[in-house]
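Below is one structure, written out as structure tokens, with a few remarks after it.
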Amino acid sequence: MNSKTKDCLSKTYRDWLWVILVLAAFLGGYSTYFILEHHSSSPEPATQSVQHHEKPKIELQTASQRRIDVPLLTPWLAPIVWDGTFDEDILNEQFQGRNITIGVTIFAIKKYVIFLKLFLETAEKHFMVGYKVNYYVFTDRPNDVPKIPLQEGRKIITLVVQNYSRWQDISMHRMEMISNYCHQLFFKDVDYLVCLDVDMKFNDHVGVEMLSDLVGTLHPGFYGASRETFTYERRPKSQAYIPRGKGDYYYMGGFFGGKVQQVYKLTKACHEAMLIDKSNRIEAVWHDESHLNKYLFLHKPTKVLPPEYMWDKQLLGWPAFLRKMRMLAVPKNHAKIRNK
Ligand SMILES: CC(=O)N[C@H]1[C@@H](OP(=O)(O)OP(=O)(O)OC[C@H]2O[C@@H](n3ccc(=O)[nH]c3=O)[C@H](O)[C@@H]2O)O[C@H](CO)[C@H](O)[C@@H]1O
Ligand SMILES: [Mn+2]
Numbered sequence: 012m013n014s015k016t017k018d019c020l021s022k023t024y025r026d027w028l029w030v031i032l033v034l035a036a037f038l039g040g041y042s043t044y045f046i047l048e049h050h051s052s053s054p055e056p057a058t059q060s061v062q063h064h065e066k067p068k069i070e071l072q073t074a075s076q077r078r079i080d081v082p083l084l085t086p087w088l089a090p091i092v093w094d095g096t097f098d099e100d101i102l103n104e105q106f107q108g109r110n111i112t113i114g115v116t117i118f119a120i121k122k123y124v125i126f127l128k129l130f131l132e133t134a135e136k137h138f139m140v141g142y143k144v145n146y147y148v149f150t151d152r153p154n155d156v157p158k159i160p161l162q163e164g165r166k167i168i169t170l171v172v173q174n175y176s177r178w179q180d181i182s183m184h185r186m187e188m189i190s191n192y193c194h195q196l197f198f199k200d201v202d203y204l205v206c207l208d209v210d211m212k213f214n215d216h217v218g219v220e221m222l223s224d225l226v227g228t229l230h231p232g233f234y235g236a237s238r239e240t241f242t243y244e245r246r247p248k249s250q251a252y253i254p255r256g257k258g259d260y261y262y263m264g265g266f267f268g269g270k271v272q273q274v275y276k277l278t279k280a281c282h283e284a285m286l287i288d289k290s291n292r293i294e295a296v297w298h299d300e301s302h303l304n305k306y307l308f309l310h311k312p313t314k315v316l317p318p319e320y321m322w323d324k325q326l327l328g329w330p331a332f333l334r335k336m337r338m339l340a341v342p343k344n345h346a347k348i349r350n351k
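Quick note: the sequence shown uses our numbering, first residue 12, plus one each step.
In structure tokens:
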């Protein structure tokens, strides 16, 4: 082979190399384009139908991700049901087929009967609308229970109970009475129990999003405060004792609930703890609320309600994280109403 032939061959060889390189580059680019395009273009029929059915789920995820200003889960992964984290329509679809009855316990003893009218009227507007509700009004003044029009499937059941001279005893004995009536009525007649103070009014939707096995509500006065400021009972002599550095949240005494069996366990345990305290001549600093906090520290709630569910506008204003005020405290004159 002479050098000319060699040159000619190597030139042809170089030309072919170029062709191969250009072809490879083209194929590489095309395959990248093809893969990207394949992912972003409309999916195959099977994927298409999944996407269609899951549309609400995707929206819900987006909605919950929108709340970055508040904690959405407890450290034990119970949801904290802030506005914007749930879809009422989906929840109603899940609950409506279950034919549930929700019991509400309200104590209106002595002068506190004056709170009943506003409580019940606003509950009819906002509380569990479309569901069966039994309002259990515990009172020593049955004639003062107002007769207000109720939606279908809802009723008021008046339970005549004794009063106590001290307001603290009235407040604390609620635990005893609720646990007693579980056997007499609640186990048989309701699925869930919601236990509320009477000096409150409904101001916005409160529905099935709040239902769960065991439910506690964050006390509005302590939301975002450090654990050290919580007014837990700090004396070891009391059954409600929570040592410093311990505890999860400060829950309010005026709003808790859950499945009847769970509320039975809670109220019975708190009542028994208060009996032991009494025999040891000690009363917890915030009465039933202190015992509730101890119970919920030992038995973690499966759902936690944010302070939307009980707010005090006069005392706390309207901070930005509070999109809704679902229940509000009704201002009261303590001197005029307590122990009267
Ligand atoms: C909103 C909230 O978390 N409230 C709690 C808080 O005080 P509060 O200042 O809200 O207590 P309160 O005066 O509302 O008393 C608690 C409840 O007991 C009932 N009652 C009281 C006195 C009376 O004469 N007649 C009567 O029916 C009534 O249902 C009232 O709502 O701390 C209390 C214990 O110290 C209870 O744990 C309350 O649930
Ligand atoms: Mn109250």
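Virtual Cβ for every residue (Gly too), placed ideally from N, Cα, C. Here the structure is a predicted model, which is why all the values come from computation and not from measurement.
Measure how close the beta-carbons of residue i and residue j come, nearest whole angstrom, since I'm counting them as under 8 Å.
| i | j | result |
| --- | --- | --- |
| I113 | V144 | 5 Å |
| K305 | I348 | Between I348 and K305 the Cβ distance is about 28 Å, and since that is not below 8 Å, they are no contact. |
| N174 | I120 | 5 Å |
| P11 | V140 | Nothing about residue 11 can be read from this structure; the chain reaches only from 12 to 351. |
| M186 | D94 | Actually they are not in contact, since the Cβ atoms of M186 and D94 sit about 30 Å apart, beyond 8 Å. |
| G258 | Y243 | 6 Å |
| V209 | Y123 | 5 Å |
| V201 | V271 | 6 Å |
| P312 | A89 | 6 Å |
| D215 | K351 | So it is not a contact: roughly 31 Å between Cβ atoms. |
Using three-state DSSP, classify residue i as helix, strand or coil.
| i | result |
| --- | --- |
| L207 | strand |
| H63 | Legend: pLDDT at H63 = 49, less than 50; position of this residue unreliable, value from coordinates given subsequently. Note: H63 maps to helix in three-state DSSP. |
| V226 | strand |
| F241 | coil |
| F97 | coil |
| P90 | strand |
| N145 | strand |
| A340 | strand |
| V81 | coil |
| F197 | helix |
| D284 | Before going on, a small fix: residue 284 reads as Ala here, not Asp. Residue state, collapsed to three classes: helix. |
| Y261 | coil |
| K212 | strand |
| A352 | A query on residue 352 cannot be resolved here, the shown segment of the chain reaching from 12 to 351 and no further. |
| K335 | coil |
| G268 | strand |
Short of 8 Å in beta carbon distance, which residues of its chain neighbour residue i, apart from the five on each side in sequence? Order them along the chain.
| i | result |
| --- | --- |
| K212 | L129, F130, T133, M338, L339, V341 |
| Q325 | A340, P342 |
| I168 | N145, Y146, Y147, V148, L196 |
| V217 | H137, F138, M139, Y320, R337, M338 |
| V92 | E220, M221, K314, V315, L316, P317 |
| R255 | E239, R245 |
Determine the burial state of residue i: buried for a count of at least 16 other Cβ atoms within 10 Å of its Cβ, exposed for fewer.
| i | result |
| --- | --- |
| E163 | exposed |
| L225 | buried |
| E319 | buried |
| L309 | exposed |
| D288 | buried |
| P231 | buried |
| W87 | exposed |
| L222 | buried |
| S190 | buried |
| Q107 | exposed |
| R165 | buried |
| F126 | buried |
| Q273 | buried |
In chain order, what residues of the same chain lie with their CB nearer than 7 Å to the CB of residue i, ignoring the 5 residues before and after it?
| i | result |
| --- | --- |
| L303 | Y262, G264, F267, C281 |
| N291 | K248 |
| T228 | Y262, M263, F266, F267, L316, Y320, M321 |
| H184 | Y175 |
For residue i, which residues of its own chain have a beta-carbon under 6 Å away from its beta-carbon, when the five flanking residues on both sides are left out?
| i | result |
| --- | --- |
| S182 | H298, D299 |
| S301 | E244, A251, A295 |
| D151 | I120, N174 |
| E283 | none |
What are the start and end residues of each continuous alpha helix (DSSP H) run of 4 or more residues lying completely inside the segment 288 to 327, in chain order?
-> 298 to 309, 324 to 327
Please specify which runs of the beta strand (DSSP E), each continuous and at least 3 residues long, are wholly inside the segment 129 to 193, giving them in chain order.
-> 143 to 150, 165 to 171
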